[in-house]
Amino acid sequence: MISVNELSLYFGGQDVFTNISFMVNKGDKIGLVGKNGAGKSTLLNMLSNRLKPNHGVISKPNDLIMGYLTQDIDFLDGKTIIEEAQTAYTRLNKIKERLEIVNKEINERTDYETESYLRLISEFHDLDESYRLLGGNDIQSEISQVLNGLGFTQNDYNRQTTEFSGGWRMRIELAKILLQKPDMILLDEPTNHLDIESIIWLEQWLKKYTGAVILVSHDRIFLDSISNRTIEISFAKINDYKVKYSKYLELRKDRIEKQIQAKKNQDKFISETKILINKFRAKKNKAAFAQTLIAKLDKLEIIHVEKEDIGSMKFSFPPAPHSGKVSLTINQASKSYDDLDVLKNISLEIAKGEKIAFVGKNGEGKSTLAKMISGQIDFIGDVTLGHSVKMGYYAQNQADFLDEDSTILEIIENAISEAVTVNPRTILGSFLFSNDDVSKKIKVLSGGERARVSLCKLLLKPYNLLVMDEPTNHLDITSKGLLKQALMDYDGSLIVVSHDREFLQGLTQKVYEFSDKKIKEYHGDVNTFLSEKNLNNFKQLEISQNDNMDNSRLKISNRGSYHDHKDKKRKTNKLKSQIRKIEKEIDKLSDKLKKIDLELSDPIKFNELSSEKDFFEIYGQQKNKLSQLEKKWAYLVDELENT
6 MISVNELSLY
16 FGGQDVFTNI
26 SFMVNKGDKI
36 GLVGKNGAGK
46 STLLNMLSNR
56 LKPNHGVISK
66 PNDLIMGYLT
76 QDIDFLDGKT
86 IIEEAQTAYT
96 RLNKIKERLE
106 IVNKEINERT
116 DYETESYLRL
126 ISEFHDLDES
136 YRLLGGNDIQ
146 SEISQVLNGL
156 GFTQNDYNRQ
166 TTEFSGGWRM
176 RIELAKILLQ
186 KPDMILLDEP
196 TNHLDIESII
206 WLEQWLKKYT
216 GAVILVSHDR
226 IFLDSISNRT
236 IEISFAKIND
246 YKVKYSKYLE
256 LRKDRIEKQI
266 QAKKNQDKFI
276 SETKILINKF
286 RAKKNKAAFA
296 QTLIAKLDKL
306 EIIHVEKEDI
316 GSMKFSFPPA
326 PHSGKVSLTI
336 NQASKSYDDL
346 DVLKNISLEI
356 AKGEKIAFVG
366 KNGEGKSTLA
376 KMISGQIDFI
386 GDVTLGHSVK
396 MGYYAQNQAD
406 FLDEDSTILE
416 IIENAISEAV
426 TVNPRTILGS
436 FLFSNDDVSK
446 KIKVLSGGER
456 ARVSLCKLLL
466 KPYNLLVMDE
476 PTNHLDITSK
486 GLLKQALMDY
496 DGSLIVVSHD
506 REFLQGLTQK
516 VYEFSDKKIK
526 EYHGDVNTFL
536 SEKNLNNFKQ
546 LEISQNDNMD
556 NSRLKISNRG
566 SYHDHKDKKR
576 KTNKLKSQIR
586 KIEKEIDKLS
596 DKLKKIDLEL
606 SDPIKFNELS
616 SEKDFFEIYG
626 QQKNKLSQLE
636 KKWAYLVDEL
646 ENT
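Read left to right, the sequence shown gives residues 6 to 648 (this note's numbering).
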C-alpha cells in the first residue's frame, strides 16, 4: 500500500530521520513507538503529505484513501453534527456543487438548440450518473449508520458541535474518517480525549478493520490490543518488529543486551588495535602493518547501544506539608451552564493522604468538578479545603497556558520560588531537558515535551492536595510510568481524572464514576470499578433486595389487623411478580442489544446490518423499549420498598 524508500528529514542541523525504509501492507496494524520528540507525529505527517522529506520517496497508489486523526485537532465551529459528517464526502460534495451550478444555468437558458446548451445537458447527465454510482443518494443513510454506531442519537444530529465535549468531537472526526471508507488509517494519540468505554469500543472496531493502521499511542493496553507489528524510532533510524507491542519489548531487551556485548567486544578490539598501532608505528619494518591497522579502524562501523536513547525522567513530588485529617469536603455542589445541568448536589470527603480517581463518559462532569475544586469556575454549593491544605492543579490543557515565545529555561526561572534552592537547569535535567534543550522556545516543542515542562512547574512548590486532569496526555510510556510511581510515592492527597486504565491500576483507593449528573463511589482501583460494572446486573440487584426484604420481614411487629397484613402481603407478592417479569424482559433485551452492539463494532458486519431495511429504526426502538422497562422496574422497586 505504501513504500517508504531512503527517507531523510532534518531541521536545521538536527537529523530527524536518516535513510529510513519500510513498507505498509494491507492488514498491518503498526504501533509507532519512541520517546517524546523522536519523530512519531512527524512521520505520520509525511505519510499524509502534510510534510515533505528532504530526501527519499514515499510511494503509494493514486487511488489510496487515507484517513488521518491528528493528535491536536483544530475543531471548526458553526456546523451541526450532521453538517460536519457530510464534509467527509469531498468528491461527492464537489459533484453536487457542480450539479447545482449546471442545473441553475440550464433553467436560466432559453437557447435550447445551441451546442453549448446541449453540452450543459450532457454534463448534467454525466454528473448525475457519477453522483448516483458513487453512492450520493445513500449519504444520509450511511451517516446515520456510522453516527449511531459511535453512540450518537437522532436528537444529536442537528445540535451544534460546540455543544459537545472534546471527546465527543473527537468521535465526530473519527466518524468522518470511517465515512471516507479509507484503505489506511493514521491515528495519533486517539485515546487522549476518549473515555474508557469509547476506548474499548475503538479497540474492538480496529481489531476487525481490514485496512492498514499506523497508530501512535502511549496507552500500553490499547497499543498491545491492536498492534501486530511495531516500528520503533530511535537515533533517527527505525527498527521494524513484526510482532505486537508486548512481544516487541521482549525482543528489544534481548537485542540491546546483544548490542551491549557487541559494543564491549568492539571497544576491546579497538583498544587492543590502538596498542598495536602505537607499538609498531615507529618501527620501519612494521610501519606498513600499522597503517593497515589504522585503515581498518577507520572503516570500522561503530556500534551504538540504543539504550542510550531511552531517557527517563527522574523526579519525585516534594513532601506534602503538614495538614489536618480532612483534605477536602464537598457539600451539595451543583453546576449548570444556562439550561444545561452538568452536576447536581455532589457531596464527598477526601481524607489526608487518600488517592481517588474520577472516571466516566466524556461530558459527564469530571473535569467540571476538578475545575470547581480548584476554583476555576463558579458553582452552587460548598467546596472547602481542609486545615492548612495547599492545592496544586494540573489542567487537562495545562500546556496551552505556557508562553509560546518563552524558552523552557525562562518558564522555569519565572515560576521558581525563593524557597527552592535547586538550580533550574538541574530541575530541567530531571525532565530530560539538558544543554541547549533549555533554550528551545515552547512553540517548537512536541506535545509530550510541553507536558513535561508543565509537570516540572508543578513540582516547584510543595502541595498536600494535587488535582490532576488527564496528566498522562502526550506523555510517552516511560515518562508516564515514572509519573505514576511518583504519585504512588507522594504522601499527600490526590484527585486524578483519567481514562488510562494502566495508569490508574493500583494508583487509587477509590473510584468515583460520573453519570447522569451524579457520582457513584467504588472502593478499590480501576480494575475493581470495571469488574463491578460488568457484574452489576438486575438479577444481582433482585437477590440483594429480596434478602433485604426478607430481613425486614423478620422485624415486622404484630401491629395492625390480620386483614392489613394480608392485603399488604398480596400487594407485595404482586409487585415482586411484576418485578421478576420485567427483569426477565430486561435480561432478554439487554443480551440481544449487547450482541447487536458487538456486531456493530465489526466493520464488515456493520455494513451487512446497515443494508437491512429499517435496521437502525428497529434498533432505536429496542433501545427505547429497554429504557422504558428500566424506568418501570425502578418505579416498581420503589413501590415495593414503600409497601
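Virtual Cβ for every residue (Gly too), placed ideally from N, Cα, C.
* Asked: Hey, would you say asparagine 10 sits closer than 8 Å to glycine 61, going by beta carbons?
  -> Position 5 of the sequence shown, counted from the first residue, corresponds to residue 10. Position 56 of the sequence shown, counted from the first residue, corresponds to residue 61. Taking 8 Å as the Cβ cut-off, asparagine 10 and glycine 61 qualify as a contacting pair.
Buried or exposed (CB count within 10 angstroms, at least 16 for buried), glycine 340: Here the question's residue 340 lines up with position 335 in the sequence shown. Per the sequence shown, the amino acid found at residue 340 is lysine instead of glycine. Per the 10 Å Cβ criterion, buried.
Classify leucine 138: buried if its beta carbon has 16 or more other beta carbons within 10 angstroms, exposed otherwise. Start at 1 with the first residue of the sequence shown, and residue 138 comes out as number 133. The residue is exposed, with fewer than 16 neighbouring Cβ atoms inside 10 Å.
CB tyrosine 162 to CB isoleucine 63, shorter than 8 Å?
The residue given as residue 162 occupies position 157 in the sequence shown. The residue given as residue 63 occupies position 58 in the sequence shown. In this structure, isoleucine 63 does not lie closer than 8 Å to tyrosine 162 by Cβ.
task: State the Cα-Cα distance for the pair serine 53 and isoleucine 7, rounded to the nearest angstrom.
output: For the purposes of this step, residue 53 is taken as residue 48 along the sequence shown, with counting starting at 1. For the purposes of this step, residue 7 is taken as residue 2 along the sequence shown, with counting starting at 1. Cα-Cα distance, rounded: 11 Å.
- Task: Could you name the residues of the same chain whose beta carbon sits closer than 6 Å to that of aspartate 245, not counting the 5 residues immediately before and after it, in chain order?
- Result: Here residue 245 corresponds to residue number 240 of the sequence shown, with the count starting at 1. The residues are Phe27, Ile236.
| query | Whole-angstrom Cβ separation of valine 443 and leucine 450, contact assumed at under 8 Å? | reply | Within the sequence shown, the letter at position 438 stands for residue 443. Within the sequence shown, the letter at position 445 stands for residue 450. Between leucine 450 and valine 443 the Cβ distance is about 12 Å, and since that is not below 8 Å, they are no contact.
| request: May I have the straight-line CA-CA distance separating isoleucine 548 from serine 595, to the nearest angstrom? | output: Here residue 548 is taken as the residue at index 543 of the sequence shown, counted from 1. Here residue 595 is taken as the residue at index 590 of the sequence shown, counted from 1. Residue confidence is low: isoleucine 548 scores 37 on pLDDT, short of 50, so the model does not pin down where it sits. No coordinate-derived value is stated.
Margin query: For aspartate 193 and glutamate 588, I'd like the C-alpha separation in whole angstroms.
Written below: For the purposes of this step, residue 193 is taken as the residue at position 188 of the sequence shown. For the purposes of this step, residue 588 is taken as the residue at position 583 of the sequence shown. Cα to Cα, aspartate 193 sits roughly 43 Å from glutamate 588.
Starting from the C-beta of asparagine 532, find all residues in its chain whose C-beta is less than 7 Å away, skip the five residues before and the five after it, and write them out in chain order.
-> Here the question's residue 532 lines up with position 527 in the sequence shown. Gln510.
Would the beta-carbon of alanine 217 fall within 8 Å of that of lysine 65?
As a working note, residue 217 is residue 212 in the sequence shown. As a working note, residue 65 is residue 60 in the sequence shown. For alanine 217 and lysine 65, no; Cβs fall outside 8 Å.
Within the same chain, show all residues whose beta-carbon is closer than 8 Å to that of glutamate 2, passing over the 5 residues directly before and after it, in chain order. Residue 2 cannot be examined here, being either before or after the span of the chain that is shown, 6 to 648.
Item to check | Cβ-based neighbour list, glutamate 644, same chain, cut-off 7 Å, excluding 5 preceding and 5 following | outcome: The count along the sequence shown starts at 1 and reaches residue 644 at position 639. The answer, listed in chain order, is Leu580.
- Task: Let me know if threonine 650 comes out buried or exposed under the rule of 16 or more other beta-carbons within 10 Å of its beta-carbon.
- Result: Past the edges of the chain, shown from 6 to 648, lies residue 650, and the structure says nothing about it.
message: I'd like the list of long-range same chain contacts for serine 520, defined as Cβ closer than 8 Å, with 5 residues on each side in sequence excluded.
response: What you label residue 520 is simply residue 515 of the sequence shown in a count that begins at 1. Closer than 8 Å at the Cβ level, and outside the excluded window around serine 520, lie Gly365, Lys366, Glu369.
Q) Out of curiosity, what's the CA-to-CA distance linking tyrosine 122 and lysine 101? A) Here residue 122 refers to the residue found at position 117 of the sequence shown. Here residue 101 refers to the residue found at position 96 of the sequence shown. Computed Cα separation, rounded: 20 Å.
Query raised in the report: Which residues in the same chain have their Cβ closer than 8 Å to the Cβ of lysine 614, if we skip the five residues on either side of it in sequence?
Result: Within the sequence shown, numbered from 1, the residue matching residue 614 stands at position 609. Here the sequence assigns leucine to residue 614, which means lysine is not the residue at that position. These residues qualify, in order along the chain: Ile601, Glu604, Leu605, Phe620.
Using the rule of at least 16 other Cβ atoms within 10 Å of the residue's Cβ for burial, across every protein chain shown, is histidine 198 buried or exposed? For the purposes of this step, residue 198 is taken as residue 193 along the sequence shown, with counting starting at 1. Looking at its Cβ environment, which holds 16 or more other Cβ atoms inside 10 Å, histidine 198 is buried.
- If you draw a straight line from the C-alpha of aspartate 360 to the C-alpha of tyrosine 517, how long is it? Working through the sequence shown from its first residue, we reach residue 360 at position 355. Working through the sequence shown from its first residue, we reach residue 517 at position 512. For the sequence presented, residue 360 should be read as lysine rather than aspartate. Their backbone Cα atoms lie some 11 Å apart in a straight line.
request  = Check tyrosine 253 in the structure and name its three-state DSSP category.
outcome  = The residue given as residue 253 occupies position 248 in the sequence shown. The answer is helix: DSSP assigns tyrosine 253 an H, G or I state.
Is it the case that the CB of isoleucine 421 approaches a heavy atom of the ligand NAD more closely than 7 Å? This structure does not include the ligand NAD; it has no bound ligands of any sort.
- Item | Terminal residues of the beta strand (DSSP E) in which leucine 457 lies | Locating residue 457 in the sequence shown gives position 452, counting from the first residue. One detail in the question is off: residue 457 reads as arginine in this sequence, not leucine. From DSSP, arginine 457 is part of no beta strand (DSSP E) but of the alpha helix (DSSP H) over 452-463.
Q.
Taking 6 Å as the limit between beta carbons, can you name the residues of its chain near glutamate 454, skipping five residues before and five after?
A. Stepping through the sequence shown from its first residue, residue 454 is reached at position 449. Non-local beta-carbon contacts of glutamate 454 in its own chain, meaning distances under 6 Å to residues more than five positions away in sequence, involve Asn41, Gly42 in chain order.
### Message
Using only the alpha-carbon positions, how far apart do arginine 260 and glycine 329 sit?
### Response
For the purposes of this step, residue 260 is taken as the residue at position 255 of the sequence shown. For the purposes of this step, residue 329 is taken as the residue at position 324 of the sequence shown. Roughly 52 Å separates the two Cα atoms.
Quiz item: Considering only residues of the same chain and omitting the five flanking positions on each side of lysine 630, which have a CB-CB separation below 7 Å?
Solution: Counting from one through the sequence shown, the residue named residue 630 turns up at place 625. Closer than 7 Å at Cβ, skipping near neighbours: Leu594.
* Report the rounded CA-to-CA distance for lysine 376 versus isoleucine 382, giving the unit in angstroms. => The residue given as residue 376 occupies position 371 in the sequence shown. The residue given as residue 382 occupies position 377 in the sequence shown. In a straight line, the C-alpha of lysine 376 is about 6 Å away from that of isoleucine 382.
| query | Going by alpha carbons, who is nearest to glutamine 150 out of Ser170, Glu128, Ile177? | reply | One-based indexing of the sequence shown puts residue 150 at position 145. Looking at the Cα atoms, Ile177 is the closest of the given residues.
Exercise for the section: Determine the DSSP secondary structure at leucine 123, reduced to helix, strand or coil. Expected result: Stepping through the sequence shown from its first residue, residue 123 is reached at position 118. The answer is helix: DSSP assigns leucine 123 an H, G or I state.
- Query: How many angstroms separate the CA atom of aspartate 441 from the CA atom of alanine 293?
  - Reply: The count along the sequence shown starts at 1 and reaches residue 441 at position 436. The count along the sequence shown starts at 1 and reaches residue 293 at position 288. Their backbone Cα atoms lie some 44 Å apart in a straight line.
Inside the region 165-195 only - alpha helix (DSSP H) runs reaching at least 4 residues
171-184
**Prompt:** How would you write the range of the beta strand (DSSP E) that arginine 234 sits in, first residue to last?
**Reply:** Numbered from 1 along the sequence shown, position 229 holds the residue referred to as residue 234. 234-239 is the span of the beta strand (DSSP E), which, as asked, contains arginine 234.
Taking only three categories from DSSP, how would you classify phenylalanine 129? Within the sequence shown, numbered from 1, the residue matching residue 129 stands at position 124. Of the three classes helix, strand and coil, the one that applies to phenylalanine 129 here is helix, per DSSP.
Exercise. Would you identify the three-state DSSP class for asparagine 367, choosing helix, strand or coil?
Key: By 1-based counting over the sequence shown, the position of residue 367 is 362. It is coil, neither helix nor strand.
- [ ] Compute the Euclidean distance between the alpha carbons of leucine 470 and glycine 391, then round it to the nearest angstrom.
- [x] Residue mapping note: residue 470 aligns to position 465 of the sequence shown, counting from 1. Residue mapping note: residue 391 aligns to position 386 of the sequence shown, counting from 1. Whole-angstrom Cα-Cα distance: 10 Å.
Exercise. Counting along the chain, where does the beta strand (DSSP E) carrying methionine 71 start and finish?
Worked result: Taking the first residue of the sequence shown as position 1, residue 71 is located at position 66. Methionine 71 -> beta strand (DSSP E) spans 71-74.
Next item on the list: Measure the Cβ-Cβ separation of leucine 353 and isoleucine 78 and say whether it is below 8 Å.
Entry: Position 348 of the sequence shown, counting from 1, holds the residue named residue 353. Position 73 of the sequence shown, counting from 1, holds the residue named residue 78. Going by C-beta atoms, leucine 353 is not nearer than 8 Å to isoleucine 78.
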